[in-house]
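Asks: Sharing a structure here in structure tokens format.
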Amino acid sequence: MKIASFITARLKSQRLKRKVLLPICGRPMLSHLIDRLKLSKKCQQIVLCTSTIKEDDDLENFAIREGVDCFRGHPDDVMLRLRDAADFYKTDIISSCTADNPLIDNLSMDDLIDYHINGKFDFSISKNIPFGTFTMTVNSSSLDKACDIKDSAETEFWPQYFLRTNQFKLGELVHNKIYSNSDIRLTVDEKPDFELMNIIFSNLHKSNKIFSLEDVIKFLDKNPELKKINSNVKQKIPSEIKLKRNLAA
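Printed below as a string of structure tokens:
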């Protein structure tokens, strides 16, 4: 059984230009994410999944420098891009994350993979963990099925095809209580998000040690005023899913 970590990334962001390559502590934000993914004891490969559009050439060049694989697929149909990457690399199970989440937690990531396999789920998500620090786990065969039932080439919010239809066996893993902190936003969509991320890394980052999610939570709990920096950023709302037939939950 082959398990791989797939990162979806584009450089087209309108709210914060080329955000995934912006520097944090002297390195691209995406490099910090890859550092964390490399700590996984379950994934045998890391693949940066971007588009075939020329503006994303820089992401392929970045992947080469980082020593990770790069797959280029459909610009807007993210689910199809993931499915095609899974086919290309002959991957059975995908641990998926987006490039704007540099604080992905490798421990909960591996726990979710184990939970997914043991429960024989089609698609699994994490609960009780700060926004922007979790992954999703999905079978490549389940991606095949989801691509067959969708009726849209706009699948930025592709997990909705699993969560809002009755076609898949879903797993929801509730993690250790230490991770429970719903008022922390740890993704990067806009400038306030990036400002907070810079503060976190400036205080916790050391060249020879990757700090943990627990370190982040403790740091923000000791400095609660920092949570307000990006508290007004509005998360994009998933659009309606489009199906070839009525399968909505």
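Using our numbering, read the sequence shown as starting at 1028 and increasing by one per residue. No residue lacks a Cβ here, since even glycine has one placed at the ideal position from N, Cα and C. Fair warning: this is a prediction, and the values are worked out from it, not measured in the lab.
According to DSSP, is Gln-1187 part of a helix, a strand, or is it coil?
Replies: helix
Asks: Nearest by alpha-carbon distance to Arg-1063: which of Pro-1186, Ile-1120, Asn-1203, Thr-1162 is it?
Replies: Thr-1162
Asks: What residue range is occupied by the uninterrupted alpha helix (DSSP H) comprising Lys-1124?
Replies: With the sequence shown as reference, residue 1124 is identified as Cys, and Lys is not the correct amino acid for it. Careful: Cys-1124 lies outside any alpha helix (DSSP H), inside the beta strand (DSSP E) at 1120-1125.
Asks: Run through DSSP, which three-state label would Ala-1031 get?
Replies: strand
Asks: Just list the residues that DSSP pairs Ser-1078 with in beta bridges.
Replies: Gly-1100
Asks: Could you tell me which of Asp-1085, Lys-1196, Leu-1170, Gln-1071 sits nearest to Lys-1048, measuring between CA atoms?
Replies: The amino acid at residue 1048 is misidentified as Lys; the sequence shows Leu. Leu-1048 has its Cα closest to that of Asp-1085, out of Asp-1085, Lys-1196, Leu-1170, Gln-1071.
Asks: Would the stretch 1196-1209 and the stretch 1116-1130 be scored as touching if the rule is three or more Cβ pairs under 8 Å?
Replies: These segments do not touch.
Asks: If you drop the 5 nearest sequence neighbours on each side, which residues of the same chain put their C-beta closer than 6 Å to that of Met-1056?
Replies: Val-1047, Leu-1049, Pro-1129
Asks: Rank Lys-1177, Lys-1069, Lys-1236, Leu-1270 by C-alpha distance to the C-alpha of His-1143 and give the top, closest one.
Replies: Lys-1069
Asks: Give the straight-line distance between the Cα atoms of Lys-1117 and Ala-1036, rounded to the nearest whole angstrom.
Replies: 20 Å
Asks: By DSSP's criteria, Lys-1177 is part of a beta bridge. Which residues make up the other side?
Replies: Leu-1270
Asks: Leu-1240 and Phe-1158: beta carbons closer than 8 Å?
Replies: Taking a C-beta distance under 8 Å as the contact criterion, Leu-1240 and Phe-1158 do not qualify as a contact pair.
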